[in-house]
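Engineer: The structure that follows is given in the form of structure tokens.
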Amino acid sequence: MADRRVGIGYDVHRLVPGRPLVLGGVVIPHEMGLLGHSDADVLTHAICDALLGAAGLGDIGAQFPDSDARYRGISSLRLLEEVVRLVGAAGYSPHNVDATVLAELPKLAPHLGGMKAALGRILRLPPDRIGIKATTTESLGAVGRGEGISAIAVCLVESAGEGAAQRSSRAMS
Ligand code: MG
Numbered sequence: 006m007a008d009r010r011v012g013i014g015y016d017v018h019r020l021v022p023g024r025p026l027v028l029g030g031v032v033i034p035h036e037m038g039l040l041g042h043s044d045a046d047v048l049t050h051a052i053c054d055a056l057l058g059a060a061g062l063g064d065i066g067a068q069f070p071d072s073d074a075r076y077r078g079i080s081s082l083r084l085l086e087e088v089v090r091l092v093g094a095a096g097y098s099p100h101n102v103d104a105t106v107l108a109e110l111p112k113l114a115p116h117l118g119g120m121k122a123a124l125g126r127i128l129r130l131p132p133d134r135i136g137i138k139a140t141t142t143e144s145l146g147a148v149g150r151g152e153g154i155s156a157i158a159v160c161l162v163e164s165a166g167e168g169a170a171q172r173s174s175r176a177m178s
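When we follow our numbering, the leftmost residue of the sequence shown carries the number 6, and every step to the right adds one.
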């Protein structure tokens, strides 16, 4: 019987001038960027938390404390890489991820393919197992006023090896 577990992650960061905007590992042209200890990639952080939650490993704040200078300015893709390693050490591998980014601006649709590619390389998942949607909040609330960007993600993990074994047996049949 497959051991599968689901996790959820949520994150929000403030938009400020003078920072690059990085979402899903992609640098997106915009006059403002997200404030944080790392590159503040809110989408990748939500995915990290979903993976950690699914594997029973706590959250990104516990794994990578912002008091630790090693993580200052770090690419969140490096954090995701470490999360995938931790999840693997706990006996699981990602099965699929689905996420929504909430942002008033900029328009994210042209960048979703790039985000899927960047995240998929680290998650070792094909594009059809990574869902990324973008929506506004209809000008409502802090995100709607353009004060920040938030993201929510769910992830399913399965016993390590199981999915890969099933995929390769399907490929052989
Ligand atoms: Mg964060």
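Quick reminder that beta carbons are idealized off the backbone N, C-alpha and C, glycines included.
Nothing here was measured: the structure is a model prediction, and the numbers come from that model.
When the Cα atoms are used, what is the spatial distance from P70 to Y76?
Structural biologist: Between P70 and Y76, the C-alpha separation is close to 8 Å.
Engineer: Would you list the residues whose beta-carbon is nearer than 5 Å to any heavy atom of the ligand MG, in the order they occur in the chain?
Structural biologist: For the ligand MG, the selected residues are D16, H50.
Engineer: Which residues bound the alpha helix (DSSP H) around D54?
Structural biologist: It spans 47-59 - the alpha helix (DSSP H) in which D54 sits, taken as one unbroken run.
Engineer: So, at 7 Å on beta carbons, what are the nonlocal neighbours of G96 in its own chain, with the 5 sequence-adjacent residues on each side left out?
Structural biologist: S164, A165.
Engineer: What three-state label does DSSP hand E152 in the structure shown?
Structural biologist: Three-state DSSP puts E152 in coil, outside helix and strand.
Engineer: Write down the C-beta distance between S80 and D44 rounded to the nearest angstrom, noting that I regard them as a contact closer than 8 Å.
Structural biologist: With a Cβ gap of about 6 Å, S80 and D44 count as contacting.
Engineer: Would you check if there are 3 or more beta carbon pairs closer than 8 Å linking the segment 147-166 to the segment 16-27?
Structural biologist: The segment 147-166 is in contact with the segment 16-27.
Engineer: Would you kindly work out how many angstroms separate the C-alpha atoms of S178 and H100, rounded to a whole number?
Structural biologist: Here S178 scores only 47 on pLDDT, less than 50, and its place in the model should not be relied on; the value that follows carries that caveat. The straight-line gap from Cα to Cα measures roughly 21 Å.
Engineer: CB-CB under 8 Å to V193, same chain, minus the five flanking residues each way: which ones, in chain order?
Structural biologist: Only positions 6 to 178 of the chain appear in this structure, which leaves residue 193 out of reach.
Engineer: Put H100 into one of helix, strand or coil per three-state DSSP.
Structural biologist: Here H100 sits in strand by DSSP.
Engineer: Give every residue of the same chain whose Cβ lies closer than 7 Å to the Cβ of A123, excluding the five residues on either side of it in the sequence, and list them in chain order.
Structural biologist: Correct list, in chain order: G29, G30, V31, L82.
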